[in-house]
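Read top to bottom, the protein sequences are chains R and L. Quick note, the first sequence lines up with residues 71 to 324 if you use the numbering used here. Quick note, the second sequence lines up with residues 44 to 466 if you use the numbering used here.
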Amino acid sequence: MDAAMGGNSAPPMPPGRPQPGGAVGDGPVELRGITFAYGEGELRRAVLRDVDLRVAAGEIVLLTGPSGSGKTTLLTLIGALRGMQEGSARVLGQELMGARESQRVALRGRIGFIFQSHNLLGFLTARQNVAMSLELHAGLEEAARLARAAEMLAAVGLADHVDKLPAKLSGGQRQRVAVARALVAEPGLILADEPTAALDRVSGQEVVHMLRDLARRRGTPILLVTHDPRILDIADRIVAMEDGRIIEMQEARA
Amino acid sequence: MNEIAKKPRLLAWAPELNAGGAAPVAPVAPAARPAGFGQGLVLAVRLAWRQLLSDRARLATAMAGVMFACVLVFMQLGFKGALFDSATNMLAAMRADLFLMHPMTQASFRPERLPRARAWQALADPDVAQAVPIYLEQATVRNPLTGSRRSAQVIGLDISVGAVEFTGLAPLVGALQRPDTVAFDDRSRPEFGPIGRLFRENGPYHIQVGRRDFELVGLVEIGPSFGADGNVVMNETNFRRVFSRNPGMADLVALKLRPGADPVAAQARLRAVLPEDVVVLTHVELVRGERAYWETGTPIGFIFLFGSIMGLVVGMVIVYQILFADIAGHLSEYATLKAMGYSNGYLSRVVLGAAVILAVIGFIPGFGLSVFLYDFVAGATFLPLHMPFDRALNVFLLIFGMCFTAGLLAMRKLRDANPADMF
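Dropping the structure here:
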């Protein structure tokens with residue numbers, strides 16, 4: 071069937087847990103020589119210079135650095151939200167350099183996004199918001215979608231709040247709904263941008279630990295941009311960026 | 044702290060969370076296989092519906108806008124239809140099978156005369172039973188209360204033949220054959236005074252038509268048309284007493300066919316036999332020709348068209364504003380949906396879905412209100428307002444097009460929802 075679709079020969083699903091000894095060069099994220107600039111002519115301002123980065127299956131990578139260091143731009147490139155300029159980026163098997171809009175849209179459907187603000191649809195309940203992630207995928211009936219969404223909300227500790235509108239939830243609860251929404255469609259990769267920025271310490275910690283535990287059980291790799299030193303403990307590896315370059319990589323845990 | 048480990052659930056993708064190795068539930072959703080178009084459309088429209096419902100005030104505004112456009116268009120079309128219907132009241136009231144008319148006659152208030160002999164020639168056809176020349180003139184009728192004069196259409200014909208069946212004329216045939224008698228159209232405009240009421244209360248009395256006194260012997264029902272505010276019917280001989288004109292020329296000839304005769308065949312035979320100075324028309328063609336004169340020869344049609352277009356434009360602007368505000372107010376949510384893998388096409392269908400929903404839920408009350416207003420206005424003005432099915436369908440299509448266009452315009456705002464700005 072994939073052959074008949076042409077072009078998009080992405081693997082159907084990431085495995086349920088980290089593959090032991092996954093082949094090097096075919097990780098969920100493989101970036102080589104990424105260079106990116108905003109503006110034209112004299113106003114041209116380089117934000118990424120020759121960035122190489124690899125995220126292994128099941129790995130949790132934190133991306134830190136001062137603002138303007140290009141980490142958010144890198145995240146939008148990996149998430150296929152922005153067109154590539156130079157270099158090579160293979161994300162979940164899809165080469166993004168020169169990818170068509172439809173290929174990028176299809177890839178986004180296989181990535182779970184978590185934003186600074188929860189960005190939930192205010193007119194949908196928590197459960198309906200989470201089910202929106204599943205509506206993109208054929209093969210599930212409405213009842214099954216809602217059931218899956220409710221299970222996912224239970225997994226982030228919101229079993230009693232499935233039918234509440236976002237306005238009736240606390241900030242931490244909303245961000246947990248956003249986590250559930252990012253995870254429910256079983257993405258091959260999770261991209262998060264400062265998910266704790268709008269939260270207090272306790273709820274911020276809760277959300278990222280929940281995210282880490284859920285992702286780890288499923289072997290889903292996470293690339294997380296953050297300024298927040300309180301959540302560095304969840305990382306397998308911390309990558310520091312400055313002026314569009316990766317300046318330091320450290321294994322966070324033994 | 045971690046509540047998840049304490050609350051094991053049946054999670055297909057996390058079997059270690061399932062207590063005691065319970066059987067896995069539903070199979071994993073196949074990723075990267077987009078939903079079918081039809082299913083996607085249903086979901087998009089449902090999303091649009093939920094979004095519309097979430098802001099009742101805005102929804103009510105949008106509905107009111109569509110309703111407003113709907114009622115305006117219905118009233119414009121209703122008035123137009125009623126005016127054109129009433130424009131042909133006199134001819135529509137003349138119920139005969141075929142008519143002879145001069146080909147240069149454009150409208151009944153300004154007829155070109157044709158030789159009366161054509162009526163007798165038409166009698167040569169075996170299916171033509173009766174032929175009645177009809178004479179038309181404008182004359183003033185004096186208001187019996189105030190004495191003021193007003194123009195009315197005077198219809199002269201040989202009453203005794205009975206080929207032209209004005210409502211209410213049959214019982215008056217004997218009376219109208221007396222000298223200086225007339226029947227007055229009871230549906231004439233009220234400016235002529237309470238002629239009908241006085242007749243019903245007091246019986247026959249004298250009214251002045253032109254400069255001559257006539258005895259009013261009865262009432263008929265015809266209705267005012269564009270050319271005349273009222274109608275007066277009199278016998279041919281009485282007609283000649285008021286108007287001195289060439290007796291050999293008539294304005295219209297009504298033909299009555301034998302029972303069971305085919306009017307179309309008779310029409311074709313007459314057309315072949317009669318000279319070039321007459322056209323042979325069925326009743327429907329006669330009325331249609333008169334109506335076409337008023338529709339094309341006057342700016343009346345344009346005025347109502349203009350009013351309808353204005354209604355549609357105002358409605359479109361309102362719907363556009365609502366849809367635009369909905370998108371502008373939810374840009375980050377739309378951008379998030381794009382980041383989640385929803386295509387531009389899907390979001391466009393959400394916006395168009397909202398537009399179509401507004402068309403439907405605005406049209407239904409708009410239609411109901413228009414039907415009510417038709418009744419109300421018809422009662423107040425005696426205009427023949429009614430709601431034919433094809434008008435309802437046409438207006439719905441117009442409203443649908445209006446909302447759809449507004450949706451297409453508002454859709455451009457979706458481009459501003461850029462998922463790359465979300466981080």
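A virtual CB, placed ideally from N, CA and C, is assigned to each residue, including glycine.
- Separation of the CB atoms of GLY83/L and TYR389/L is rounded to 6 Å, and the pair is thereby assigned contact status at 8 Å.
- Along the region 162-179 of chain R, going in chain order, the ones with a CB nearer than 7 Å to a CB of chain L are VAL175, ALA176, ARG178 and GLY179.
- Taking a C-beta distance under 8 Å as the contact criterion, ILE301/R and VAL249/R do not qualify as a contact pair.
- The C-beta of ALA308/L has fewer than 16 other C-beta atoms within 10 Å across all chains shown, which makes the residue exposed.
- Pairing ALA159/R with MET167/R, the inter-Cα distance amounts to about 6 Å.
- At least one beta carbon of chain L lies nearer than 8 Å to the beta carbon of THR146/R.
- Cβ contact annotation for ARG315/R (same chain, cutoff 6 Å, sequence separation greater than five): ARG119, in chain order.
- The beta carbon of ALA310/R is closer than 6 Å to those of THR134, GLY135, ILE317 and GLU318 in its chain, skipping five residues each way along the sequence.
- LEU215/L places its beta carbon less than 8 Å from that of GLY261/L.
- One finds MET383 in chain L with Cβ atoms closer than 7 Å to the Cβ of SER203/R, taken in chain order.
- What SER375/L touches in chain R, judged by beta-carbon distance under 8 Å, is SER187 and ASN189, going in chain order.
- For a Cβ distance threshold of 7 Å, residue set ALA463 of chain L lies close to ARG152/R, ordered along the chain.
- Proximity of GLN94/L to chain R, defined by a Cβ-Cβ separation below 8 Å, is satisfied.
- DSSP, reduced to helix, strand and coil, places GLN94/L within a helical segment of the structure shown.
- Note: GLU264/L is bridge-paired with THR210/L in the DSSP secondary-structure output.
- Per the Cβ contact rule, the region 187-207 of chain R is in contact with the region 84-94 of chain L (3 or more Cβ pairs under 8 Å).
- In the three-state scheme derived from DSSP, where H, G and I count as helix and E and B as strand, ARG271/R is classed as helix.
- Going by beta carbons, GLU208/L and ARG138/L fall inside the 8 Å limit.
- For GLU212/R, the enclosing alpha helix (DSSP H) stretches over residues 212-225.
- Straight-line measurement puts the Cα of ASN289/L at about 13 Å from the Cα of ALA160/L.
- Within the same chain, Cβ atoms closer than 7 Å to the Cβ of SER203/L are found at VAL216 and GLN220, the five residues on either side in sequence being excluded.
- Taking a Cβ-Cβ cut-off of 7 Å, the neighbours of LEU194/R in chain L comprise ARG93, given in sequence order.
- Between the region 282-299 of chain R and the region 139-158 of chain R, the count of Cβ pairs shorter than 8 Å is three or higher; the stretches touch.
- Taking a cut-off of 8 Å on C-beta distances, the region 231-250 of chain L does not touch the region 295-307 of chain L, as fewer than three cross pairs fall below it.
- In the DSSP assignment, GLU318/R falls within the unbroken beta strand (DSSP E) covering 315-321.
- Contacts between PHE183/R and chain L, judged by CB atoms closer than 7 Å, involve ALA382 and MET383 in chain order.
- Around the CB of LYS238/R, fewer than 16 other CB atoms lie within 10 Å, so the residue is classed as exposed.
- For LEU86/L, the neighbours in chain R by C-beta distance under 8 Å run, in chain order, GLU205.
- Taken in chain order, the whole beta strand (DSSP E) runs of length 3 or more contained in the region 186-264 of chain L are 192-200, 224-228, 248-252 and 255-263.
- Boundaries of the beta strand (DSSP E) around PHE106/R: 99-108.
- With a 10 Å radius around the Cβ and a threshold of 16 neighbouring Cβ atoms, GLY109/R comes out exposed.
- Taking C-beta atoms under 8 Å as the contact rule, ALA112/L and ILE346/L fail to qualify, at a distance of about 18 Å.
- Closest in C-alpha terms to PHE122/L, from the list HIS373/L, GLU338/L and ASP98/L, comes GLU338/L.
- At least 8 Å separates the beta-carbon of THR131/L from that of ARG284/L.
- According to the DSSP assignment, ARG246/R belongs to the alpha helix (DSSP H) that extends over 241-254.
- The residue from MET106/L, ALA135/L, ARG192/L and ASP140/L with its alpha-carbon nearest to that of VAL252/L is ARG192/L.
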